[in-house]
Structure formats: C-alpha cells, structure tokens
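Q:
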Amino acid sequence: MSETLASFIDEVPESETSLMVVNRTGPKPLVDLLEEAFDTQTVTVAERQLPEGTEDVVLLVRDGKVATTTSMQRLQDAFLLVNADRYRTGAHGLQESDMPAVLTGLDEVEFHVRGFPESNKEKLLLVLISRFIEGRALRTGDGRFDVSFQRLSRLDDEYGTRKVYDWLGDTDVDVHVYGVRDQPVPGELDVTVHAGSHEEYRRSWFVVFRPPAGEAGHIALVATETADNVWRAMWTYDPDRVDRVGEYVQNNF
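Using the numbering used here, read the sequence shown as starting at 3 and increasing by one per residue.
1. Note down, one range per segment and in chain order, each beta strand (DSSP E) of at least 3 residues found wholly within the region 119-183.
2. Where does the unbroken alpha helix (DSSP H) through Leu61 begin, and where does it stop?
3. My guess is that Val187 and Val195 are in contact by the Cβ rule of under 8 Å, so how many angstroms apart are they, rounded?
4. Touching or not, the region 11-20 and the region 59-68, by the rule of three or more beta carbon pairs under 8 Å?
5. Based on Cα-Cα distance, which residue from Met236, Leu154, Val166, Asp87 lies nearest to Thr226?
6. Ignoring anything shorter than 4 residues, give me the alpha helix (DSSP H) runs that lie fully in the region 196-248, in order along the chain.
7. Which value, in whole angstroms, describes the spacing of the CA atoms of Met3 and Gly137?
8. What residue range is occupied by the uninterrupted alpha helix (DSSP H) comprising Thr6?
9. For the alpha helix (DSSP H) holding Glu38, just list the boundary residues, first then last.
10. Does the beta-carbon of Arg88 have 16 or more other beta-carbons within 10 angstroms, so that it is buried, or is it exposed?
11. With DSSP as the reference, label Val251 as helix, strand or coil.
12. Using the three-state DSSP reduction, which class does Thr265 fall into: helix, strand or coil?
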C-alpha cells in the first residue's frame, strides 16, 4: 500500500490507556470536563481515592503501568478551563513545563476529535500538542520544522501563531510552512512557503520537528480531516517514524 499521511495513523498500535484522577479535593465538574474531553476516545477516565496517595493528581496509566503524573491544577490551567483561543491569541504553552505531561504523554494513541461547536475540548488537545512541538523547536534552536496551516492566512490572522513564527525565524531552525495560498505570507517571516491546493493540502494538519542529526527530541503530530472540522490524529516521538513523516511531507507537498 502506498504511504499517505493517514497511513501513519494506521500504524498506531492498540493499547490500554487511561487517565486516573487520584484523591480529588476540588469540585466534581472538573472531572466531568475531563471525562467529556475523552468521551469518544479510546482513553478512559477514572477516579480513585488512595489512602497514602497525593491529593489532586492525575495519573497517565498505559497497559497497567503509571507512565507519568500531572497535578490537577496544571491540567485545569492548560486544558480544562481554557479554549483554543488561549493558544491562538497568545504565545502560551511554549515552555515544556507549561504542558501537562499526562496529555503530551498520549503519544501513539489514535484520536478522533471534533472542533467547536460540537466539542469544546477535543480539538483543543491537538492545538495544545501543536504548540508543544513549536516550543520544542524554538528551545532547540536548530533542526527542521514542517507545519501545515490548511490556509496560509492563519499565519498572519492569529496573533499568538504569528509571534511564535517570528521567534522561530530568529533561530537556526529551518522552518517550512504549507497550505492553500489564500493571501500572501508576510515577507518579514523567515520561513519557506509551500503553497498548493490538492486534497492533502486542504485536509492535513501536521507539525513535524526533526532536531539536528544525532540529537534527541523528534516529535510529529499527524492529523487528517475526515469530515468538516472532524479530525483523525496521532502524535509520535519515535525518531524513525518522525523521519518518515518528514520525508513524506518533503516529497509530496
């Protein structure tokens, strides 16, 4: 079978993944928001009271083992009590410490997400991961970064997005942006523009960072639009898969 962006999502292995809220002292509606965000996903949400556990912590459990933890406070500040505009209108989330590890740790999981108004939280997860990848590229300061916007006008329309790419242009990162050219990309942005109109340009959402050779830090988000504002997605830290995604983008866009 020939490789497509969607075929990378097909490679995601099956696994048992859950988010467990432990020793909650805050209001129950916060857990309800978390359950709602993952209601249609393969990630389950549960609550537990543990006699000797830390209060108000969320565990990411994968195949029966705790992979990482995040405080409920951090999860609500970055995800539960915000919407996508927080990341589009401001440069929030660029520090790795800003992002809840229980969310960034959901790599190699297939997601089916809906945007607003069908869901307030599902698509926000992909926005958050996109900003996480941008932040990693910015902090590394070198390597190659490929990102699609569907419409190139978003580079200038969204203040937070524009600021991030201004900053990336001041680094040694080789930045390539892809999308339908609905308006010119600002000339002062130090990016390489790839414009097109075929199906994958219009229905793809990818953010791919490959650090310099020999360095760690590979990460790629891949999503395809299956219906209006409905996305099938995954992200990966696997260096080989990230390289393959990057090579596919370079060869087909």
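Where is the CB? At the ideal position from N, CA and C, for every residue including glycine.
A: According to the structure data:
1. Here the runs fully enclosed are 146-153, 176-182.
2. From DSSP, Leu61 is part of no alpha helix (DSSP H) but of the beta strand (DSSP E) over 59-64.
3. The Cβ separation is near 5 Å, so the contact holds.
4. Put simply, the region 11-20 touches the region 59-68. At least three CB pairs are less than 8 Å apart.
5. It is Met236 whose Cα lies nearest to the Cα of Thr226.
6. Fully contained in the region 196-248 are the following alpha helix (DSSP H) runs of length 4 or more, in chain order: 201-205.
7. Bear in mind that a pLDDT of 44 at Met3, under 50, signals an unreliable position, so the model cannot answer this.
8. Neither: Thr6 is in no alpha helix (DSSP H) and is coded neither H nor E.
9. That run of the alpha helix (DSSP H) goes 30-39.
10. It counts as buried.
11. Three-state result, Val251: helix.
12. Since the first residue of the chain shown is 3 and the last is 255, residue 265 is not available in this structure.
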